[in-house]
Amino acid sequence: MRPAPTASERLDGPIDHEHLSRYTLGDKSLEIEVLELFDGEAPKTLSNLRNALSAVPTDGRGWHVACHTLKGSARAVGAWRVAMAAEAAERSPRDEPEKMSAHVLAIEAALAETTAYIRAYSR
Numbered sequence: 002m003r004p005a006p007t008a009s010e011r012l013d014g015p016i017d018h019e020h021l022s023r024y025t026l027g028d029k030s031l032e033i034e035v036l037e038l039f040d041g042e043a044p045k046t047l048s049n050l051r052n053a054l055s056a057v058p059t060d061g062r063g064w065h066v067a068c069h070t071l072k073g074s075a076r077a078v079g080a081w082r083v084a085m086a087a088e089a090a091e092r093s094p095r096d097e098p099e100k101m102s103a104h105v106l107a108i109e110a111a112l113a114e115t116t117a118y119i120r121a122y123s124r
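Per the working numbering, residue 2 is the first one in the sequence shown, and the count goes up by one each step.
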């Protein structure tokens, strides 16, 4: 496991460690477990989002559910960039496929950064 994050990493990095510590009541092994769960669900989450995108505009509910679920999961672990990207996607008009595709790309980028960080952190 790597050393405790610096103050800058806690606030500016992919994971807000102060938030995560409060969420896990300071239990470092639980922090790792929660982060690894988030990391493990990321591919499924992206798949759900892409599937939902292909169903829009006929069925916008899947898009909303996928974005909302990701937003909640990201907020729980302090992955604010992922949460903000998911929230922006959730609020996006469902009749603008180009914008929705751009949101998926933004979410992919935020998730890639966050999951890479989690993998390095939990070693």
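Backbone N, C-alpha and C fix where the C-beta goes; we use that ideal spot for every residue, glycine too.
Values in this document were obtained by computation on a predicted structure and should not be read as measured data.
Anticipated Cβ contact below 8 Å, residue i with residue j, distance rounded
i              : j          : result
isoleucine 108 : leucine 50 : 7 Å
methionine 101 : leucine 54 : 6 Å
alanine 89     : alanine 75 : No, alanine 89 and alanine 75 are not in contact; Cβ-Cβ is about 12 Å, not under 8 Å.
Backbone secondary structure at residue i - three-state DSSP
i         : result
serine 93 : coil
Residue closest to residue i, alpha-carbon to alpha-carbon, out of the options
i            : options                    : result
aspartate 60 : Thr46, Lys72, Pro15, Asp96 : Asp96
alanine 113  : Arg92, Pro44, Ser22        : Pro44
Residue i versus residue j: straight-line alpha-carbon distance, rounded
i           : j            : result
cysteine 68 : alanine 80   : 14 Å
arginine 57 : glutamate 99 : According to the sequence displayed, residue 57 carries valine and not arginine. Cα-Cα distance, rounded: 11 Å.
alanine 64  : glutamate 19 : For the sequence presented, residue 64 should be read as tryptophan rather than alanine. Whole-angstrom Cα-Cα distance: 31 Å.
leucine 38  : alanine 84   : 16 Å
alanine 117 : serine 123   : 10 Å
Where residue i falls, given that 16 or more other Cβ within 10 Å makes a residue buried
i           : result
leucine 71  : buried
arginine 82 : buried
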